[in-house]
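This report concerns only the one structure given below.
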Amino acid sequence: MYKLMIVEDEPLIRAGLKQYFNWHELGIESILEAENGKDGIEIALRERPDLVITDIRMPEINGLEMIERLRPALPDTLFLILTGYNDFTYAQKAIRLGNIQAYLLKPLQYEESLSTIVESIRVLSARQQANRQRSELESAAKENSVHRGGQIVKSMLDDDGSLREDAVLRQFGLDGKIVTYHPIVLSCILPSTLNVQARKAWKIKAERVLTEAVDSIYPSGRGQLLAYYGKSKLYAITIHDDQENKAFDKHAEELINNRLIQAGTELQAAFYMAVGKPAIELSQACISLQLTEKALNRRFFRPDRRLFHSEMPGQTLPSLKECFYPLDNKIRELILTCLEQGELRQTRELLRRMAVQTIDHFSYDSYGRWLALLQDIIGVTLRFAHRNDIRFEGVYSDKVLTLAFVDDFATAEQLFDWIADWMVHLHAAYRDKAKASAPQESLIFEQIESFIKQHIDKEVTLQAVADRFFYNPSYLSRLFKTKLNKNYMTFLTEIRIHYAQQCLMDQKASVTDVCTMCGYKSYKHFVKTFRSVTRMTPTEYRKQLGL
1 MYKLMIVEDE PLIRAGLKQY FNWHELGIES ILEAENGKDG IEIALRERPD
51 LVITDIRMPE INGLEMIERL RPALPDTLFL ILTGYNDFTY AQKAIRLGNI
101 QAYLLKPLQY EESLSTIVES IRVLSARQQA NRQRSELESA AKENSVHRGG
151 QIVKSMLDDD GSLREDAVLR QFGLDGKIVT YHPIVLSCIL PSTLNVQARK
201 AWKIKAERVL TEAVDSIYPS GRGQLLAYYG KSKLYAITIH DDQENKAFDK
251 HAEELINNRL IQAGTELQAA FYMAVGKPAI ELSQACISLQ LTEKALNRRF
301 FRPDRRLFHS EMPGQTLPSL KECFYPLDNK IRELILTCLE QGELRQTREL
351 LRRMAVQTID HFSYDSYGRW LALLQDIIGV TLRFAHRNDI RFEGVYSDKV
401 LTLAFVDDFA TAEQLFDWIA DWMVHLHAAY RDKAKASAPQ ESLIFEQIES
451 FIKQHIDKEV TLQAVADRFF YNPSYLSRLF KTKLNKNYMT FLTEIRIHYA
501 QQCLMDQKAS VTDVCTMCGY KSYKHFVKTF RSVTRMTPTE YRKQLGL
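Residue numbers (UniProt numbering): 1 to 547.
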């Protein structure tokens, strides 16, 4: 939507021009007025209109002089001049000299004038699109400079053997030098209810926190910083052309820990950072980076901390005997009972009790064994599903198989609550199969619709729905096509527009308000979507209702 300013010393002409076109349908959301060029300059500099329609002959400062003064400050604003036959040649010359998009010839002819306005708005749209693309390119260039070598960090995580240390060092002008690699991993755990803009903001925040942390850890210089974004984590390697390995400064540690807490508060999220052991060879750095990522799981044992180390002073590797910690048979039976009965309260109580007991049992440095126990709990549940012939894709996603869901939670209690919910969900499939009643797939759409309505003003992606209901996203997408003969986006759109129709019955809510309430960020997109579903605009829909 655009902002229009009309500069005209005749009040009747200004008022008439405001009513002459359906400005809202043309994409104009607000109209400013000025009665002369002097006022026009003041208002334009303050309000920064996208489009200005101005008369030429006005007292104090004429229209062309006003444009000349405004052009340097408002390079993206389009100017249209109102001109009569007496000034026509003058107006054409002004257009040829630049600064002016077109003219509107008095007296206005509707079709001709409308065509000029539409073309001007098209130019505005194209110019804004070009500005957005330029901004994106500039952001990408900035990101590339900060994250130079991101592909190298990804290859280190994959440990695919494709990296040659001499080639890596040569790329950064460090060939022939003795270097150390310092791994850092930053994680951000976001609430599922955050909108898409907030989810994008974490990357900007994470980048800032990372550079601040590196500067605190290495005050003499951050070295060459390489970084790679992977899902909700920022993986980083700093390369220093020396082998000095200073002890971690306690003051810097507390500074970083507090900064992580602050960043999380600002974003309504939880930030965690793990600092790894320096390595003098690239192959060692690959291992150290992977261990650093795993060290983020220490947060379950120290909920008061945000900063962790992948290796603690005096730490020794546990023996094989210590690594093995089988799930107690009594606990196995209780889990199976919960799966068969599906009582949410009972299941949550059991899992929360396990969360407390396992955290108390294992030490801060035994998170690897704790994860192994977690895998055993998942294994018991999956074997139950297989024994009862419950469809793989219908009850859990790949995140369960790989324990990737662990990354989504800040505390052990939240994590085990999620497992409890998943078990109850699996019980529903078990119950439906046992009763040979309507299959679970026929009920899931009602649950998804309810979930969407609860978060109707937010971005609700297929991935978010799949995670909430423990489905593989690809399988859930196929389910929509096979069971409802529509894709997920159509399903979501129908729910949003139906809700919009209900909201439009409230005369106190403007169409713009309804647009936001229904989760649309673009007013134009909302109107277009509403029309495609209902065959009328929101305004026309209200008129049909007699509102």
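Every residue gets a Cβ at the ideal spot worked out from N, C-alpha and C, and that includes glycine.
Cα atoms of residue 292 and residue 284: separation of roughly 12 Å, rounded to the nearest angstrom. Here residue 360 is exposed: its Cβ has fewer than 16 other Cβ atoms, across all protein chains shown, within 10 Å. In this structure, residue 2 places its C-beta atom within 8 Å of the C-beta atom of residue 124. Collapsing the DSSP output to three states places residue 230 in a strand. Under the DSSP assignment, residue 263 falls in the alpha helix (DSSP H) whose first and last residues are 250-267.
For the 8 Å CB-CB criterion, residue 74 and residue 48 form a contact. DSSP, read as helix, strand or coil, puts residue 179 in coil.
Taking the Cα positions, residue 510 is about 39 Å away from residue 60.
For residue 410, the secondary structure class from DSSP, reduced to helix, strand or coil, is coil. Annotated as proximal: residue 81 and residue 54, with beta-carbon spacing under 8 Å. In the DSSP assignment, residue 309 falls within the unbroken beta strand (DSSP E) covering 307-309.
Put simply, the backbone Cα of residue 468 is about 16 Å away from that of residue 479. Boundaries for residue 78: no alpha helix (DSSP H) harbours it, while the beta strand (DSSP E) harbouring it runs 78-83, taken from the DSSP string. DSSP, read as helix, strand or coil, puts residue 277 in coil. By the neighbour-count criterion, in which 16 or more other beta carbons inside 10 Å mark a residue as buried, residue 483 falls on the exposed side. DSSP, reduced to helix, strand and coil, places residue 220 outside both helices and strands of the structure shown, so it counts as coil. DSSP, read as helix, strand or coil, puts residue 518 in coil. In its chain, beyond the 5 residues on either side, 370 and 373 have a beta carbon closer than 7 Å to the beta carbon of residue 358.
Considering only 167, 174, 220 and 228, the residue with the shortest C-alpha distance to residue 187 is 228. The three-state secondary structure of residue 402, taken from DSSP, is coil. Short of 6 Å from the beta carbon of residue 35, and not among the five residues preceding or following it, lie these beta carbons of its own chain, in chain order: 9. The region 524-541 makes contact with the region 490-508, as at least three CB pairs between them are under 8 Å. The closest CA to that of residue 209, considering only 219, 191, 223 and 234, is found on 234. Rounded to the nearest whole angstrom, the CA to CA distance from residue 156 to residue 25 is 53 Å. Of all C-beta pairs linking the region 413-431 to the region 471-478, fewer than three are shorter than 8 Å, placing the two stretches out of contact. Taking each of 498, 237, 127 and 151 in turn and checking the Cα distance to residue 180, the smallest one comes out for 237. CA-to-CA, the gap between residue 487 and residue 113 works out to about 42 Å. Spanning the alpha carbons of residue 281 and residue 165 requires a straight line of approximately 8 Å. When the alpha-carbon of residue 408 is set against those of 448, 232 and 492, the nearest one is in 232. The continuous stretches of alpha helix (DSSP H) do not include residue 481, and DSSP gives it neither H nor E. In the three-state DSSP reduction, residue 474 falls in the helix class (H, G or I). Where residue 54 is concerned, the enclosing beta strand (DSSP E) starts and stops at 51-55.
Where residue 168 is concerned, the enclosing alpha helix (DSSP H) starts and stops at 165-171.
In the DSSP assignment, residue 31 falls outside any alpha helix (DSSP H) and lies within the beta strand (DSSP E) extending over 28-34. With distances taken between CA atoms, residue 367 lies nearest to 406 out of 190, 406 and 340.
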